[in-house]
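Asks: Residues -14 to 347, numbered by this note's numbering, are exactly what the sequence shown covers, in order. For every residue, glycine included, the Cβ atom is placed at its ideal position computed from N, Cα and C. Please find one structure pasted underneath; my questions will follow.
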Amino acid sequence: MSILSGSLAERIQPAVVFHDTYTIQKILTEYAEQYPIHSIQVIATNGEVLSTIHHHQNALPFIQYLLDWLYFREPVTVEIQHQQQNFGQLVVYGNASTHVSFFYTILLALTISFILLLASLFWSANAVYRHLMKAVNPLVQTTQTISTNKNYQLRLPSSEISEFQEINRVVNELLDKIEASTRALQHENHQLSHQARHDGLTQLPNREYFHQMLAQSFAQGTQDSIALLFIDNDNFKEINDRHGHAAGDAVLLEMAKRLRQALNQHDFMSRLGGDEFAIIVKNIEDHHDLIRISENLLHCCRQPLIFNHHPIYFSFSIGIALAQSASSPEMLINNADMAMYKAKQLAQHWYIFAEHGRMAKG
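So this is what it looks like as structure tokens:
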């Protein structure tokens, strides 16, 4: 407290010399808020009180009252001098708030230690209990694990007690039957899940799966490096009318096969329905990548499909939308859709870029 008072006296010395009560009050208030001080008083040599600060604390704990009385009954007095001349006196009464905080810290540490001691005693007692129940616990734990995790591959361990061993044998036989039934059910569920997310004809991901993957790309923040391609067959209705629906299905299968072979493994291709396909192309660095990919896709339809010994020529239009130009999956889909319909108005095998609301044909 003496060091603090000396530092305070040095700070207010110029203000005391010039009787600047405003500055004195400001400095005293600052110190009273930052340090454990009960009150500060600055008295001029003529007895005039230049400034007084009282730091009020409501409902002080008894221990602080006691410590204040023991250690801070007497104030710290510092003479305020300038060039060997006395201009006033600084009177500081401290308080024991920091001591009380330290006391509460010690009390908290003791409380935590006591709780840890109780926990240790409880753990020791529990260890003794586990040791006594060692013969039963393996059976209980295994059955609980099977019940909780539905892990029917687990089996009850052997027991030295013949009655328990007979129970284990019967239960293990039941688990064998449950495991076989569960495995068959999981296989059926996997097939149903695959059917729900894939197109029945081409076995490509369907529209729902496509929307999930596109939303996932936006949610993960990776949309800046992807582009969306919408592909639509240019003469599918004519093929159906001329060659029949079987030929139309064959064309769709051939399109799916050729497009998939022209893509990288990490690109995502799906059939949206009818003769419409969508491709999420990843790791796009610039427009040249899209031009190269589009030309490869367009090139794969130049050879006809031989169906029932007859050639069937088909082509498609490609609409491209850059994900970095869209704020949502819906906006990206709309951009690609508009680009694709714009492409269908041009000559066959042309493609359209959609970027920042403008169209540019490739």
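Can you name, in chain order, every residue of its own chain whose Cβ lies under 7 angstroms from the Cβ of Q138, other than the five neighbours on each side?
Replies: The residue you call residue 138 lines up with position 153 of the sequence shown. Once the five neighbours on either side are set aside, the close Cβ partners of Q138 are E164.
Asks: In chain order, which alpha helix (DSSP H) runs of at least 4 residues are fully inside the segment 117 to 181?
Replies: The segment 117 to 181 contains these whole alpha helix (DSSP H) runs: 122 to 134.
Asks: Which partner residues of D217 appear in the DSSP bridge assignment?
Replies: Residue 217 sits at position 232 when you count from the first residue of the sequence shown. According to DSSP, which records beta bridges pairwise, D217 is partnered with E261, S302.
Asks: At the level of alpha carbons, what is the spacing between T30 and H39?
Replies: What you label residue 30 is simply residue 45 of the sequence shown in a count that begins at 1. What you label residue 39 is simply residue 54 of the sequence shown in a count that begins at 1. Spanning the two alpha carbons is a distance of roughly 21 angstroms.
Asks: Please report how far the alpha carbon of R168 lies from the alpha carbon of L159, in whole angstroms.
Replies: For the purposes of this step, residue 168 is identified with residue 183 of the sequence shown, where counting begins at 1. For the purposes of this step, residue 159 is identified with residue 174 of the sequence shown, where counting begins at 1. One C-alpha to the other measures close to 14 angstroms.
Asks: Using 8 angstroms as the Cβ pair cut-off and three pairs as the minimum, do the segment 250 to 261 and the segment 212 to 219 touch?
Replies: Judged by Cβ distances under 8 angstroms, the segment 250 to 261 makes contact with the segment 212 to 219, as three or more pairs qualify.
Asks: With a threshold of 7 angstroms on Cβ separation, who are the neighbours of E64 within its own chain once the five nearest residues in sequence on each side are excluded?
Replies: By one-based count along the sequence shown, residue 64 stands at place 79. N71, Q74.
Asks: Quick one: grab the DSSP three-state call for P60.
Replies: Working through the sequence shown from its first residue, we reach residue 60 at position 75. Coil, per DSSP.
Asks: Exposed or buried, what is H67 when buried is set at 16 or more other beta-carbons lying within 10 Å of its beta-carbon?
Replies: Reading the sequence shown from its first residue, position 82 is the one you call residue 67. With fewer than 16 Cβ atoms within 10 Å of its Cβ, H67 is classed as exposed.
Asks: Would you list the one or two residues that DSSP bridges to L307?
Replies: Indexing the sequence shown from 1 puts residue 307 at position 322. DSSP lists A212 as partners of L307.
Asks: What does the alpha-carbon distance come out to for the pair L186 and N134?
Replies: Translated into positions along the sequence shown, residue 186 becomes position 201. Translated into positions along the sequence shown, residue 134 becomes position 149. Going by the C-alpha atoms only, they are around 37 angstroms apart.
Asks: Rounded to a whole number of angstroms, what is the C-alpha to C-alpha distance between A235 and N225?
Replies: Here residue 235 refers to the residue found at position 250 when the sequence shown is read from its first residue. Here residue 225 refers to the residue found at position 240 when the sequence shown is read from its first residue. A235 and N225: Cα-Cα distance of roughly 10 angstroms.
Asks: Any chance you could list the alpha helix (DSSP H) runs of at least 4 consecutive residues sitting entirely within the segment 267 to 292, in chain order?
Replies: Whole alpha helix (DSSP H) segments, 4+ residues: 272 to 284.
Asks: By DSSP, does Y78 sit in helix, in strand, or in coil?
Replies: Within the sequence shown, residue 78 is the residue found at index 93, counting from 1. In the structure shown, Y78 sits in a strand (DSSP, three-state: E or B).
Asks: Can you tell me whether H230 is helix, strand or coil according to DSSP?
Replies: Against the sequence shown, residue 230 aligns to sequence position 245. Three-state result, H230: helix.
Asks: Where does G185 sit, in a helix, a strand or coil, going by DSSP?
Replies: As a position in the sequence shown, residue 185 is number 200, starting the count at 1. The answer is coil: DSSP assigns G185 none of H, G, I, E or B.
Asks: What did DSSP end up calling L93 once you bin it into helix, strand or coil?
Replies: Translated into positions along the sequence shown, residue 93 becomes position 108. Reduced to three states, the DSSP call for L93 is helix.
Asks: Comparing alpha-carbon positions, which option in E315, Y298, G233 lies nearest L199?
Replies: Stepping through the sequence shown from its first residue, residue 199 is reached at position 214. Of the listed residues, the one whose Cα sits closest to L199 is E315.
Asks: Indicate the three-state DSSP secondary structure (helix, strand or coil) for P190 in the structure shown.
Replies: For the purposes of this step, residue 190 is taken as residue 205 along the sequence shown, with counting starting at 1. Three-state result, P190: strand.
Asks: With respect to 7 angstroms, is the separation between the Cβ of P60 and the closest non-hydrogen atom of the ligand ATP below this value?
Replies: Only the bare structure without any ligand can be found here, which leaves the ligand ATP out of the picture.
Asks: Using the three-state DSSP reduction, which class does F3 fall into: helix, strand or coil?
Replies: Against the sequence shown, residue 3 aligns to sequence position 18. Three-state DSSP puts F3 in coil, outside helix and strand.
Asks: What first and last residue would you give for the beta strand (DSSP E) that runs through P296?
Replies: Sequence index remark: in the sequence shown, residue 296 carries index 311 (1-based). Taken as a continuous stretch (DSSP letters only), the beta strand (DSSP E) holding P296 covers 295 to 297.
Asks: Report back the beta-carbon spacing between V77 and L35 to the nearest angstrom; my notes put them in contact at under 8 angstroms.
Replies: Start at 1 with the first residue of the sequence shown, and residue 77 comes out as number 92. Start at 1 with the first residue of the sequence shown, and residue 35 comes out as number 50. Actually they are not in contact, since the Cβ atoms of V77 and L35 sit about 14 angstroms apart, beyond 8 angstroms.
Asks: Around the C-beta of I97, are 16 or more other C-beta atoms found within 10 angstroms, so that it is buried, or is it exposed?
Replies: For the purposes of this step, residue 97 is taken as residue 112 along the sequence shown, with counting starting at 1. So I97 counts as exposed.
Asks: Count the other CB atoms, across all protein chains shown, that sit within 10 Å of the CB of N320; report buried if there are 16 or more and exposed otherwise.
Replies: For the purposes of this step, residue 320 is taken as the residue at position 335 of the sequence shown. So N320 ends up on the buried side.
Asks: Enumerate in chain order the residues of its own chain whose CB-to-CB distance from L237 is below 7 angstroms, with the five nearest sequence positions on each side excluded.
Replies: Numbered from its first residue, the sequence shown carries residue 237 at position 252. Hits under 7 angstroms: L186, T187, D260.
Asks: With 16 other CB atoms within 10 Å as the buried threshold, where does P289 fall?
Replies: By one-based count along the sequence shown, residue 289 stands at place 304. Burial call: exposed.
Asks: Checking the sheet assignment: what are the DSSP bridge partners for Q197?
Replies: As a working note, residue 197 is residue 212 in the sequence shown. DSSP output for Q197 lists no bridge partner at all.
Asks: So, is V85 buried or exposed, given that buried needs 16 or more other C-beta atoms within 10 angstroms?
Replies: Numbered from 1 along the sequence shown, position 100 holds the residue referred to as residue 85. So V85 ends up on the buried side.
Asks: So if DSSP puts Q70 in a beta bridge, which residue, or which two residues, is it bridged to?
Replies: Mapped onto the sequence shown, residue 70 falls at position 85. Answer is H67.
Asks: Anyone know if the C-beta pair for F203 and S313 falls short of 8 angstroms?
Replies: Stepping through the sequence shown from its first residue, residue 203 is reached at position 218. Stepping through the sequence shown from its first residue, residue 313 is reached at position 328. The answer is yes: Cβ separation under 8 angstroms.
Asks: Whose C-alpha, out of R256, A(-6), P(-1), is nearest the C-alpha of Q26?
Replies: The count along the sequence shown starts at 1 and reaches residue 26 at position 41. Ranking the options by Cα distance to Q26, first place goes to A(-6).
Asks: Mind checking who V27 pairs with in its DSSP beta bridge?
Replies: In the sequence shown, residue 27 corresponds to position 42, counting from 1. Per DSSP, S36, L75.
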